[in-house]
Structure formats: structure tokens, C-alpha cells
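Chemist:
In the UniProt record's numbering, the protein residues as written are 1 to 282.
1. To the nearest angstrom, how far is it from the Cα of residue 175 to the Cα of residue 182?
2. When DSSP labels each residue in this structure, what does residue 273 get in the three-state scheme?
3. Please go through the same chain and pick out, in chain order, the residues whose beta-carbon is closer than 7 Å to the beta-carbon of residue 184, but skip the five residues on each side of it.
4. Are the region 93-104 and the region 253-264 in contact at 8 Å, needing three or more beta carbon pairs?
5. What three-state label does DSSP hand residue 160 in the structure shown?
6. For residue 144, does the count of other Cβ atoms within 10 angstroms reach 16, so buried, or fall short, so exposed?
7. If we cut at 9 Å on Cβ distances, does residue 112 have a partner in chain B?
8. Per DSSP, what kind of secondary structure is residue 280 in: helix, strand or coil?
9. When you compare each of 160, 105, 246 and 212 to residue 138 by their alpha carbons, which one comes out closest?
10. What's the C-alpha gap between residue 213 and residue 167?
11. Can you tell which of 207, 188 and 159 has the C-alpha that lies nearest to the C-alpha of residue 247?
12. For residue 226, name the three-state secondary structure that DSSP assigns.
13. Alpha helix (DSSP H) containing residue 188: first to last residue?
14. Beta-carbon within less than 7 Å of residue 103's beta-carbon, same chain only, minus the 5 sequence neighbours each way: which residues are those?
15. Could you give the residue range of the alpha helix (DSSP H) that holds residue 117?
16. Which same chain residues, not among the five before or five after residue 173, have their C-beta less than 7 Å away from its C-beta?
17. If you draw a straight line from the C-alpha of residue 270 to the C-alpha of residue 188, how long is it?
18. Excluding the 5 residues flanking residue 75 on each side, which residues of the same chain have their C-beta closer than 6 Å to its C-beta?
19. Out of 79, 274 and 68, state which residue places its alpha-carbon closest to the alpha-carbon of residue 151.
20. Can you tell which of 228, 276, 201 and 124 has the C-alpha that lies nearest to the C-alpha of residue 190?
21. Considering only residues of the same chain and omitting the five flanking positions on each side of residue 94, which have a CB-CB separation below 6 Å?
22. Roughly how many whole angstroms lie between the Cα atoms of residue 22 and residue 32?
23. From residue 147 to residue 252, what does the alpha carbon distance come to, in whole angstroms?
24. Residue 192: buried (16+ other C-beta within 10 angstroms of its C-beta) or exposed?
25. Less than 6 Å between C-beta atoms, sequence neighbours within five positions excluded: which residues of the same chain meet that for residue 82?
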């Protein structure tokens with residue numbers, strides 16, 4: 001008894017209690033388990049490139065092919081304007097944040113189900129799983145960013161001083177994917193058809209976002225309503241920071257940012273309230 005008491009006294013203990021309030025989010029536990037978060041991100045990155053024929057080249061080929069298709073359909077055939085920027089560069093600069101967002105959303109939505117063995121065996125903050133899934137595709141974004149730099153050199157486009165704010169728009173893309181992914185990942189535990197719906201939602205979402213066309217193509221009376229789409233701020237911010245296009249209108253940008261923060265807040269609350277039943281349902 002003395003030996004066991006001595007051992008238990010030297011070891012840190014974790015007391016797991018039921019949550020007592022709707023807003024008791026316990027976000028500080030994310031920092032306490034930061035090493036596990038880094039491990040989960042590293043594991044997802046290794047899984048992404050393990051046993052692939054072309055490795056990291058695939059994350060570059062995908063947006064390049066999409067850019068070529070957009071250039072032929074929207075620029076050559078539909079004559080969509082590109083705010084004075086060569087259309088291939090105009091489209092690729094938007095496909096960077098969009099491809100990251102769609103990948104992060106897909107991975108986050110299925111993250112809890114794909115990690116069922118961890119969820120049902122050990123305790124840790126469940127929020128780490130979708131957070132790691134949303135952060136891992138940043139590596140893919142970095143590879144694609146190198147291709148964008150080559151295109152900018154080819155077209156002799158020099159980024160503006162707004163490039164310093166590019167990390168801010170990347171964070172907005174991350175928060176948007178995480179916010180929607182938290183809700184969909186929790187729903188996917190109970191309703192598995194959510195995993196089939198997300199790719200369709202992403203496809204529709206892309207066409208209602210300014211990826212293939214500029215915001216200036218949207219009628220002015222509809223732009224404020226259009227800015228309720230949180231990806232509007234992200235995509236327009238990327239283009240402005242990288243290509244030196246006209247600065248985004250402050251009011252729609254603030255509306256998009258407010259929607260992103262609201263979605264994140266709602267997503268965390270919903271996820272934290274649903275996570276108590278994950279181990280039982282999954």
C-alpha cells in the first residue's frame with residue numbers, strides 16, 4: 001500500500017468530469033497536449049505521402065490541371081475578366097487557398113470516424129483530432145505556393161507589401177475549414193452519410209466563391225450578401241496580398257471575418273457538446 005501510494009503521489013493525475021456548462025470549452029487543454037497535436041499532424045503528413053508514385057507532385061498537379069481547365073472554360077470561352085491579371089495566375093492564386101480549404105474540410109469531417117481506435121481507448125482532448133486534420137494540409141499548400149512563385153516570375157508580377165498579411169488570410173482559411181469541419185465531424189459520427197455529402201458541398205461552395213471569377217463580377221447590390229460566404233475574404237485577400245490587385249472592400253471583408261469567427265465559435269460549442277457520446281456511438 002505504501003509503495004502504490006508513493007507511486008501515485010509522484011505521477012500527475014487527470015480527473016475526468018462531465019461538463020457543467022454550455023460554454024465550458026476547456027481550450028487550455030489543447031496547449032497541454034500540444035506534443036500529441038504535433039504527433040497527429042506528423043502522422044497525417046506521413047500517411048499522405050506514404051506509398052505514392054509521384055509523392056508531393058500530386059498536390060501540385062491537381063491545382064495546375066484545374067487552373068488549365070478554368071483558363072480554357074472561363075477565360076477563353078466565357079471571357080470572364082481577371083482584374084488586369086493574367087488569368088492563369090489569377091485562377092491559381094485563388095486555387096491555393098481553395099484547395100487547402102477543401103482538403104482541410106474533407107479531412108476534418110472524417111477525422112473522428114477515421115480515428116475511432118483512439119477515441120474509444122484513451123482519454124485526450126478530442127478537439128485535437130480535427131485540429132490536426134485541418135493543419136496537416138498546410139504542407140500541401142506550401143508545395144503549391146512554390147509553383148505560384150514560378151508563375152509570378154513567368155508573368156513578371158511582383159507581390160505588394162500586402163504579402164506580409166498573407167498568414168492572416170491563411171489563418172482565416174484554417175479557421176473556416178475547422179469551424180465547418182467540427183460540426184460535420186461530430187455529425188459524421190452519428191450519420192455516416194455526412195462523409196458523402198461534404199465533397200458535393202465543397203464543389204458547390206467553390207462555384208459560389210470568387211475562384212474562377214472576381215468579386216467585381218458580382219452585382220454591387222449583392223456584394224454585401226455575397227460576403228456572407230466566409231471564403232470571399234480569404235480568396236480576395238490572397239489575390240490582393242500576392243498579386244497586388246485592388247484592395248478588398250473593408251465592409252465585405254469585415255462581414256466575412258465576422259461570419260468566420262461566429263462559425264468557429266458555434267462549431268467548437270457543438271463539437272464539445274457532442275464529444276461526450278463519441279465513444280458510445282462510433
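Quick reminder that beta carbons are idealized off the backbone N, C-alpha and C, glycines included.
Modeler: Short version:
1. 10 Å
2. In the structure shown, residue 273 adopts helical secondary structure according to DSSP, grouped into three states.
3. Here the set comprises 109, 194 and 198.
4. no
5. It is coil, neither helix nor strand.
6. buried
7. You won't find chain B in this structure, because it holds only one protein chain.
8. helix
9. 105
10. Taking the straight line joining both Cα atoms gives about 23 Å.
11. 159
12. helix
13. Unbroken alpha helix (DSSP H) run through residue 188: 166-190.
14. 137 and 140
15. Residue 117 -> alpha helix (DSSP H) spans 116-119.
16. 97, 100, 101 and 234
17. 13 Å
18. Cβ within range, chain order: 87.
19. 68
20. Comparing alpha carbon positions, the residue from 228, 276, 201 and 124 closest to residue 190 is 276.
21. 211 and 235
22. Caution is warranted here: a pLDDT of 47 is assigned to residue 22, below 50, making its placement in the model unreliable, and the coordinate value is therefore given only provisionally. Whole-angstrom Cα-Cα distance: 22 Å.
23. 29 Å
24. Exposed.
25. 90
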